[in-house]
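Scroll down for the structure; my scribbles are underneath it.
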């Protein structure tokens with residue numbers, strides 16, 4: 008990616024799975040430092056879009072360029088990825104620092120052989136995500152919020168200029184949701200990184216988001232939160248009455264099929 012270039016360009020992209028078109032004609036260019044939230048009902052293709060950007064899914068039409076090059080199945084280590092929050096098995100033998108270490112050293116074959124400077128890098132990432140106090144505990148015994156902090160640290164190991172987040176707040180309580188959002192947003196601001204974040208609930212990230220991509224019924228709409236999150240816009244997208252209510256600084260979407 009050339010300095011000042013777009014971290015992500017999607018042109019006239021379409022995606023069909025199992026004979027069903029998830030979406031088509033998608034054009035999206037994301038600027039450095041931009042935060043884009045991706046919303047929509049289950050099965051609308053939100054996660055599949057992230058997988059296509061990572062090179063794990065092939066689009067049916069159009070093109071995707073990430074960090075100045077067409078996506079490829081081999082992937083790109085400069086793209087950070089935070090997966091959905093799923094508890095790790097209690098018997099997982101890794102410690103917290105080992106999980107982050109996979110982000111620093113995991114691309115090399117064989118047993119982890121940390122190079123000079125790797126330990127300092129791991130310690131720095133642990134500090135950055137507030138995980139130093141449980142760095143040496145087995146990850147399977149950590150809370151969901153603690154595990155997710157470690158996943159964020161792992162994703163940030165290479166200072167990615169493009170960060171993809173697949174429902175990273177699911178199953179977290181409000182305090183941990185806010186903590187994870189702060190970590191993601193701090194990386195965005197400090198590194199001028201572009202962020203795409205899939206979520207079912209816009210409220211935890213509403214104050215950070217620049218634009219929203221809302222996908223539903225094989226169609227999509229793209230714009231600022233004020234443009235997208237309206238009763239008129241979502242009713243037109245779903246083809247059915249949908250109401251957006253505002254209460255106590257939060258948005259509630261009522262009537263949208265899931």
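Residue numbers (the numbering used here): 8 to 265.
Glycine included, every Cβ here is placed at the ideal spot set by N, Cα and C.
Judged by beta-carbon spacing, residue 209 lies within the 8 Å limit of residue 46, meaning their Cβ atoms are closer than that value. For residue 111, the enclosing alpha helix (DSSP H) stretches over residues 103-112. Of the residues assessed, residue 154 falls on the buried side of the cut-off, its CB having 16 or more other CB atoms within 10 angstroms. Excluding the 5 residues flanking it on each side, residue 79 has same chain C-beta neighbours closer than 7 Å at 62, in chain order. Counting along the chain, residue 230 sits inside no alpha helix (DSSP H); it lies in the beta strand (DSSP E) bounded by residues 226-230.
A contact between stretches requires three or more CB pairs, one per stretch, nearer than 8 Å, and the region 217-236 meets this requirement with the region 28-47.
Here residue 184 is near residue 176, since their CB atoms are less than 8 Å apart. By the C-beta density criterion, residue 169 is buried, having at least 16 other C-beta atoms within 10 angstroms.
Classified as exposed, residue 247 has fewer than 16 neighbouring CB atoms from the shown chains inside 10 Å of its CB.
Residue 247 is bridged by DSSP to nothing; it lacks a bridge partner. Around the Cβ of residue 250, a 10 Å sphere holds fewer than 16 other Cβ atoms; the residue is exposed.
Relative to the Cα of residue 252, the nearest Cα in the group 233, 245 and 244 belongs to 233. Around the beta carbon of residue 196, a 10 Å sphere encloses fewer than 16 other beta carbons of the protein chains shown; the residue is thus reported as exposed.
Between residue 59 and residue 204, the C-beta spacing is not below 8 Å. Taken in chain order, the complete beta strand (DSSP E) segments of 3 residues or longer contained in the region 22-51 are 27-37 and 42-46. Taking a C-beta distance under 8 Å as the contact criterion, residue 19 and residue 69 qualify as a contact pair.
One thing to note: residue 73 has its Cβ within 8 Å of the Cβ of residue 86.
Shown here, residue 80 sits in coil according to DSSP, grouped into three states, outside any helix or strand. Using a Cβ distance threshold of 8 Å, residue 173 and residue 89 count as a contacting pair. Put simply, the backbone Cα of residue 217 is about 28 Å away from that of residue 110.
With fewer than 16 other beta carbons inside 10 angstroms of its own, residue 150 counts as exposed.
Going by beta carbons, residue 66 and residue 21 fall inside the 8 Å limit. Taking 8 Å as the cut-off, the beta carbon of residue 160 is found closer than this to the beta carbon of residue 135. When DSSP states are grouped into helix, strand and coil, residue 98 belongs to the coil group. For residue 189, the three-state secondary structure derived from DSSP is helix. Beta bridge pairing from DSSP links residue 257 with 254.
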